[in-house]
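S.K.: Dropping the structure in here first, questions after.
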Amino acid sequence: MTTVAAVTGEGTDSPYALSHLDALESEAVHIFREVAGEFERPVILFSGGKDSIVMLHLALKAFAPAAVPFSLLHVDTGHNFPEVIEYRDRAVAEHGLRLHVASVQEYIDAGKLRERPDGTRNPLQTVPLTEKIQSERFDAVFGGGRRDEEKARAKERVFSLRDEFSQWDPRRQRPELWQLYNGRHAPGEHVRVFPLSNWTELDVWQYIAREDIELPQIYFAHEREVFKRSGMWLTAGEWGGPKDDERVETRLIRYRTVGDMSCTGAVDSDATTLDAVIAEIAASRLTERGATRADDKLSEAAMEDRKREGYF
Amino acid sequence: MSNTTATTEQLADLSATTLLRFATAGSVDDGKSTLVGRLLHDSKSVLSDQLEAVERVSASRGADAPDLALLTDGLRAEREQGITIDVAYRYFATARRRFILADTPGHVQYTRNMVTGASTADLAVVLVDARNGVIEQTRRHAAVAALLRVPHVVLAVNKMDLVAYEERVFAEIAEEFTAYARELGVPEITAIPISALAGDNVVEPSSNMDWYGGPTVLEHLETVPVSHDLTSCHARLPVQYVIRPQTAEHPDYRGYAGQIAAGTFRVGESVTVLPSGRTSKITGIDLLGKAVDVAWTPQSITLLLEDDIDISRGDLIVPSGDTPPTTQDIEATVCHVADTPLNVGQRVLLKHTTRTVKAIVKEIPSRLTLDDLSQHPEPGRLVANDIGRVKVRTAEPLALDSYADSRRTGSFLLIDPADGTTLAAGMAGEAFATAAEEAALAPDDEGWDF
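These protein sequence lines are chains A and B, in that order.
For the first sequence, the residue numbers in the numbering used here are 1 to 312.
For the second sequence, the residue numbers in the numbering used here are 313 to 762.
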């Protein structure tokens, strides 16, 4: 007895079926080329983290054998991992790219931003970022945000219009139909573009493995001096940790995300290779942000609120 | 990766899985959130910190059990009102396939959201409550799936536990829905009796419904074919960007980059460039840095041609023997997605593939009521969530396929030139499959068998 009408074939039988990584890659390349075709001054937000490294890799493939027609923008919190800054500068030099830097430290030194009591500089990035976008007149800003990261991000469009204050209004987004991206914007407005929208953390790692992309070493297990704050292992350093009652210890850890040292937690891990990292993520019962970000725990809508203000 | 350790092979297996994009549609209380929650939960896509957050918030509101809808409602306003406002995208995976789920709200006033979700979907899941059967909203959802030409439709008859798992109830609903959807030209319909709450036939086969011999929802999602026979499709490449390195290493390289919208392209093939009508021959295909002999949709490629002819963004490259007609007068079905209305006489921009042209709305011959598919003549304007027929005159000729032939080269956006708002989603040609198409699509002998 059957109650199924006209189901035929296996999903992967067709010689024309693309693997999920090929499909995601093709879609991301399409997005990069749309922006190159329709905007005057695009820029790629580049932190030296795995998502922005994958974005750069995709952009290199999209325009090969020509150069990437975009410059890079790094929002420097002043509390970066040295390995990541070194990687950033090497990538810029290797591909002959132009790097813009928006510096949180400069804003603090000039009295335009004030250090928060909890010491985290993550929310402070918004002002230097948005002012840099305005002063450089960037009209398209690529971000490595993925919808699987967080539930407010799940509502984000691939092309996300921001007003002259860089604000995101989740209730006034353009419906996004087929692969027809609408990048129209008024002077002063810009569009945030997320080519990795449909990728998951595991997709990113599998793609890194398939394409043999080099990453900063902090993504792999290594011994490091860390201390515990709010349940997370933070790297000890001049940025402001540890305090008197916090004890430093040397542990075997790695990072799942790369961000400001003051709010990016490490995870205990012995994964020293790409395969080991992938196996670890596939088995993990914690999301990337749940495991490693303090600032998303501030309130239930922390990400939505920061994005509304212009955060990436 | 060149080594051949077991782990590497496993990796290769993982990356060989395919991607299925699907959309869900259901009325407010049909249990859509529960179904989505169960698919995510049972495929282990809900991680413990997410579940803890849901439990914490549920408890703080005095609820006894975790409210799984909190997993999917991401915005402040949605949590406050307890409804889903906007399309959200969810991701989960099994060993066989990766899934992108467009989670679309069921309210009548959010037709545009279902249209948005269905526009990229290979499959749509329409939920009905077994106690209520096929209702107006079900017919609306079937009509949107048919209008958007979603290749596969699943009817999930939910809450079977509340009708004593009776085969007769399921069979009647399945029959009524299938007859209606077939009439609209939906090519493939699969009906599955489920209880999302109890878990029957969602991921695990149900022991409560021995009379059902078909797949569970997840099994069907894992095995439904995602690509069709591309050899019979019209090949189409909208030119996105011209790649000209002008370097010492590549002084003469001139490549036409784009994502293949339909069909296949081969080296050696004669092609025509529209709208100019110039012809040339494919001398090379670059698949993101690798030379290939053949490429197909949806690969992003770069085409190299024999002749140095004038081609720029917005042009369409097609096989010389298979050119679409070019026209300045488009008749289409549109779904109006903006809050401001679309009026007869309005000047708009029309974005078709990589080309944006000026256009004017000449006529709005009718507005469609999805409940009974009746046409209301000359409404004069369309407002948010309306679906209607429009006639548009463009300032330049467009090489437009019928949406029935190609979802990608038969679709377009209407955009407000003043502020860039996306006004409407357009589908060129007939709204629903014609009788002839339907006959061609109908399977040979595979009827229903209860």
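Yeah, the Cβ is synthetic: ideal placement off N, Cα and C, and Gly gets one too.
As the structure is a computational prediction, the values presented were derived from the model and not from experiment.
Take Gly9/A and list the residues in its own chain whose beta-carbon comes closer than 7 Å to its own, dropping the five residues that flank it on each side.
M.R.: Taking the first residue of the first sequence as position 1, residue 9/A is located at position 9. Below a pLDDT of 50, predicted positions are generally treated as unreliable, and Gly9/A, at 37, falls in that range; no measurement from the model is reported.
S.K.: Pick out whichever of Ala282/A, Val158/A, Pro170/A and Ala140/A has its Cα sitting closest to the Cα of Gly188/A.
M.R.: Working through the first sequence from its first residue, we reach residue 188/A at position 188. The residue with the shortest Cα to Cα distance from Gly188/A is Ala140/A.
S.K.: In angstroms with no decimal places, state the Cα-to-Cα distance between Ile53/A and Ile44/A.
M.R.: Here residue 53/A is taken as the residue at index 53 of the first sequence, counted from 1. Here residue 44/A is taken as the residue at index 44 of the first sequence, counted from 1. Each residue's alpha carbon lies about 10 Å from the other.
S.K.: Rounding to the nearest angstrom, what Cα-Cα distance links Ala405/B and Phe482/B in this structure?
M.R.: Working through the second sequence from its first residue, we reach residue 405/B at position 93. Working through the second sequence from its first residue, we reach residue 482/B at position 170. One C-alpha to the other measures close to 29 Å.
S.K.: With 8 Å as the threshold, decide whether the Cβ of Glu280/A is near any Cβ in chain B.
M.R.: For the purposes of this step, residue 280/A is identified with residue 280 of the first sequence, where counting begins at 1. No, because no Cβ of chain B sits closer than 8 Å to the Cβ of Glu280/A.
S.K.: Identify every residue that forms a DSSP beta bridge with Ser160/A.
M.R.: To locate residue 160/A, count along the first sequence from 1; it is residue 160. Answer is Arg192/A, bridged to Ser160/A.
S.K.: With 8 Å as the threshold, decide whether the Cβ of Thr257/A is near any Cβ in chain B.
M.R.: Position 257 of the first sequence, counting from 1, holds the residue named residue 257/A. So no, Thr257/A is outside the interface.
S.K.: For Pro689/B, which option in Asn697/B, Arg679/B and Glu364/B has the closest C-alpha, if you only look at C-alpha atoms?
M.R.: As a first step, residue 689/B must be located in the second sequence, where it is residue number 377. Of the listed residues, the one whose Cα sits closest to Pro689/B is Arg679/B.
S.K.: What three-state label does DSSP hand Val462/B in the structure shown?
M.R.: Taking the second sequence and counting its residues from 1, one reaches residue 462/B at position 150. Val462/B: coil per DSSP, three-state reduction.
S.K.: Is DSSP giving Leu99/A helix, strand or coil here?
M.R.: The residue you call residue 99/A lines up with position 99 of the first sequence. Leu99/A falls in the strand class under three-state DSSP.
S.K.: Just to make sure I have the definition right: I need the residues of chain A whose C-beta is within less than 7 Å of the C-beta of Ile555/B. Which are they?
M.R.: Residue numbering aside, residue 555/B sits at position 243 when the second sequence is read from its first letter. Result: Phe63 and Ala66.
S.K.: Under the rule that 16 or more other beta-carbon atoms within 10 Å means buried, what is Ala62/A, buried or exposed?
M.R.: Reading the first sequence from its first residue, position 62 is the one you call residue 62/A. Per the 10 Å Cβ criterion, buried.
S.K.: Would you say Tyr565/B reaches chain A, if we count a Cβ-Cβ gap shorter than 8 Å as a contact?
M.R.: Numbered from 1 along the second sequence, position 253 holds the residue referred to as residue 565/B. Yes, contact with chain A.
S.K.: Determine the burial state of Gln687/B: buried for a count of at least 16 other Cβ atoms within 10 Å of its Cβ, exposed for fewer.
M.R.: Position 375 of the second sequence, counting from 1, holds the residue named residue 687/B. Exposed, by the Cβ-count rule.
S.K.: Does the distance from the C-beta atom of Asp564/B to that of Ala186/A stay below 8 Å?
M.R.: Looking up residue 564/B in the second sequence gives position 252. Looking up residue 186/A in the first sequence gives position 186. Remark: C-beta atoms of Asp564/B and Ala186/A do not approach each other more closely than 8 Å.
S.K.: Identify the continuous beta strand (DSSP E) that holds Gln134/A and give its terminal residues.
M.R.: Taking the first residue of the first sequence as position 1, residue 134/A is located at position 134. No beta strand (DSSP E) holds Gln134/A; the alpha helix (DSSP H) holding it covers Thr126 to Glu136.
S.K.: Per the DSSP calculation, Trp608/B is bridged to which residue(s)?
M.R.: For the purposes of this step, residue 608/B is identified with residue 296 of the second sequence, where counting begins at 1. Answer is Thr576/B, bridged to Trp608/B.
S.K.: At a Cβ threshold of 8 Å, is Gly700/B touching chain A?
M.R.: Within the second sequence, numbered from 1, the residue matching residue 700/B stands at position 388. No, its Cβ sits nowhere closer than 8 Å to a Cβ of chain A.
S.K.: Between Ala743/B and Pro637/B, what straight-line distance do the alpha-carbon atoms span, to the nearest angstrom?
M.R.: As a position in the second sequence, residue 743/B is number 431, starting the count at 1. As a position in the second sequence, residue 637/B is number 325, starting the count at 1. If I take the Cα positions, the gap works out to 19 Å.
S.K.: Between Leu682/B and Pro729/B, is the Cβ-Cβ spacing less than 8 Å?
M.R.: Working through the second sequence from its first residue, we reach residue 682/B at position 370. Working through the second sequence from its first residue, we reach residue 729/B at position 417. No. Outside cutoff.
S.K.: Check whether chain B comes within 8 Å of Thr264/A, counting only Cβ atoms and requiring the distance to be less than that.
M.R.: Translated into positions along the first sequence, residue 264/A becomes position 264. Closer than 8 Å: no.
S.K.: What's the call for Ala454/B, buried or exposed, on a 16-neighbour Cβ count within 10 Å?
M.R.: For the purposes of this step, residue 454/B is taken as residue 142 along the second sequence, with counting starting at 1. By the Cβ neighbour-count rule, Ala454/B is buried, with 16 or more other Cβ atoms within 10 Å of its own.
S.K.: Taking a cut of 8 Å between CB atoms, which residues from the region 454 to 477 of chain B lie near chain A?
M.R.: Here the close residues number zero.
S.K.: Going along chain A in order, which residues have a C-beta closer than 7 Å to the C-beta of Asp717/B?
M.R.: As a working note, residue 717/B is residue 405 in the second sequence. What Asp717/B touches in chain A: nothing, since even the nearest Cβ is about 15 Å away.
S.K.: Residues in the region 656 to 685 of chain B with C-beta within 9 Å of chain A's C-beta atoms, listed in sequence order?
M.R.: Leu661, Lys663, His664, Thr665, Thr666 and Thr668
S.K.: Under 8 Å: do the region 424 to 439 of chain B and the region 329 to 340 of chain B share three or more Cβ pairs, one atom per stretch?
M.R.: yes
S.K.: Would you list, in chain order, the members of the region 163 to 182 of chain A that have their beta-carbon closer than 8 Å to a beta-carbon of chain B?
M.R.: Pro170, Arg171, Gln173, Arg174, Pro175, Glu176, Leu177, Trp178, Gln179, Leu180 and Asn182
S.K.: Under the three-state reduction of DSSP, which class applies to Phe32/A: helix, strand or coil?
M.R.: Looking up residue 32/A in the first sequence gives position 32. Phe32/A falls in the helix class under three-state DSSP.
S.K.: Note down, in chain order, all residues in the region 34 to 50 of chain A with a beta-carbon under 9 Å from any beta-carbon belonging to chain B.
M.R.: Under the 9 Å Cβ criterion, the region 34 to 50 of chain A contributes Glu34, Ala36, Gly37 and Glu38.
S.K.: With H, G and I counted as helix, E and B as strand and the rest as coil, what does DSSP make of Ala682/B?
M.R.: Residue 682/B sits at position 370 when you count from the first residue of the second sequence. Reading the sequence as shown, one finds Leu at residue 682/B and not Ala. DSSP places Leu682/B in coil when its eight states are reduced to three.
S.K.: Going straight from the alpha carbon of Ala754/B to that of Tyr87/A, what length do you get?
M.R.: The residue labelled residue 754/B in the question sits at position 442 within the second sequence. The residue labelled residue 87/A in the question sits at position 87 within the first sequence. Only weak support exists for where Ala754/B lies, its pLDDT of 48 falling under 50; the value from the coordinates is given anyway. Taking the straight line joining both Cα atoms gives about 57 Å.
S.K.: Using a Cβ-Cβ cutoff of less than 6 Å, which residues in the same chain neighbour Ala671/B once the five nearest sequence positions on both sides are dropped?
M.R.: As a first step, residue 671/B is located in the second sequence; it is residue number 359 there, counting from the start. The answer, listed in chain order, is Val660, Leu662, Val704 and Thr706.
S.K.: Reducing DSSP to helix, strand and coil, say where Glu478/B ends up.
M.R.: Taking the first residue of the second sequence as position 1, residue 478/B is located at position 166. Of the three classes helix, strand and coil, the one that applies to Glu478/B here is coil, per DSSP.
S.K.: Check whether the Cβ atoms of Trp100/A and Leu72/A sit closer than 8 Å, and answer yes or no.
M.R.: Within the first sequence, residue 100/A is the residue found at index 100, counting from 1. Within the first sequence, residue 72/A is the residue found at index 72, counting from 1. It is worth fixing the name first, because residue 100/A is His in this sequence and not Trp. Yes, they are a contact pair.
S.K.: Would you check if there are 3 or more beta carbon pairs closer than 8 Å linking the region 64 to 71 of chain A to the region 12 to 31 of chain A?
M.R.: no
S.K.: When the Cα of Tyr255/A is compared with those of Val267/A, Val248/A, Ser262/A and Cys263/A, which residue comes out closest?
M.R.: Counting from one through the first sequence, the residue named residue 255/A turns up at place 255. Of all alpha-carbon atoms in Val267/A, Val248/A, Ser262/A and Cys263/A, the one lying nearest the alpha-carbon of Tyr255/A is that of Val267/A.
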